[in-house]
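Notes to accompany the following structure.
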Amino acid sequence: MVSEKVPEKKPLTSNKPLATQKRLSKYNIEENLKEKEVVQEEKEEVLDDNLPKQHFTNEDVLREWETFLTEIEQKDKLIHFAINGFKVSKKGDDIQINYPSVSSKVEFEKVSREFLSRLKQNLNNHYISIDYQINVKEMKKEVVTKRKIFEQFCDKNPLLNDLNQIFQFDLN
């Protein structure tokens with residue numbers, strides 16, 4: 015038998031990377047941290063001594079809040095429904111906002127800069143700041159069981175009681 019030498023194949027190499035540039039995930043932690051740093055840098059405002067500081071009343075604040083709510087209602091209904099239950103009042107040179115839940119505060123933070131700049135301009139006072147306070151009294155802490163949910167549905171549709179008697183639902 016004659017043995018023939020089979021030449022070894024060399025792996026192909028390339029000067030450029032074959033894969034495209036990696037796309038970043040929207041859940042990338044590094045990018046989120048960079049965005050937060052940028053937002054914090056934007057929040058730092060420099061107050062000038064030449065800016066006006068005119069006196070304003072609680073009624074002025076409430077009037078501006080109502081006009082702001084009507085504008086937000088036309089722009090974004092979801093945010094309007096989230097912040098409609100806020101209690102706004104004047105406390106010194108600050109605006110105190112009582113909110114019922116953390117999720118509604120998150121929705122308000124999307125438009126809070128717009129509200130604050132509008133307030134500063136219309137009240138002619140650039141030293142206003144917003145203090146947030148959660149209203150714990152209005153928050154409902156209730157354990158909802160399957161039985162309670164079923165009873166609520168029974169109030170709306172009494173035929174469910176008959177079905178419960180026939181099929182003996184396990185609502186524990």
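Per the working numbering, the very first residue in the sequence shown carries number 15; after that it's consecutive. Glycine residues also receive a C-beta, built at the ideal position from the N, C-alpha and C atoms.
Three-state secondary structure (DSSP) of residue i
i	result
Ser145	The sequence given here has Asp at residue 145, not Ser. In this structure, Asp145 counts as strand in the three-state DSSP scheme.
Asn138	coil
Ser103	strand
Lys30	coil
Lys89	helix
Lys67	strand
Asn186	coil
Glu225	Shown here, the chain extends from 15 to 186; a query on residue 225 therefore has no answer.
Glu156	coil
Glu18	coil
Asn98	coil
Ser39	coil
Residue i to residue j span [Cα, whole Å]
i	j	result
Ile97	Gln88	14 Å
Asn3	Val120	Not covered by the structure: residue 3. The range shown for the chain is 15 to 186.
Val102	Arg161	38 Å
Pro66	Ser131	13 Å
Ser39	Tyr146	33 Å
Ile180	Ser118	43 Å
Glu8	Phe129	Outside the displayed range of the chain (15 to 186) lies residue 8, so it cannot be described from this structure.
Asp107	Tyr113	19 Å
Asp90	Glu80	15 Å
Lys105	Asn175	53 Å
Arg77	Lys134	13 Å
Pro21	Thr27	18 Å
Ser115	Gln166	24 Å
Gln68	Glu51	33 Å
Glu156	Asn64	52 Å
Lys23	Asn29	19 Å
Span of the beta strand (DSSP E) around residue i
i	result
Gln110	108-113
Lys24	That residue, Lys24, is in no beta strand (DSSP E); it is neither H nor E in DSSP.
Rounded distance between the beta-carbons of residue j and residue i, thought under 8 Å
i	j	result
Ile144	Ile93	Going by Cβ atoms, the distance from Ile144 to Ile93 rounds to 16 Å, so no, they are not a contact pair.
Phe82	Asn139	The pair is not a contact, with the Cβ atoms about 16 Å apart (cut-off 8 Å).
Ile86	Val150	About 25 Å; that fails the 8 Å criterion.
Arg100	Ile111	Here the sequence assigns Phe to residue 100, which means Arg is not the residue at that position. Sure, about 6 Å apart at Cβ, within 8 Å.
Asp74	Leu137	6 Å
Range of the contiguous alpha helix (DSSP H) that encloses residue i
i	result
Lys1	No information on residue 1 is available, as it lies outside the stretch 15 to 186 that the chain covers here.
Ser117	116-123
Leu177	173-181
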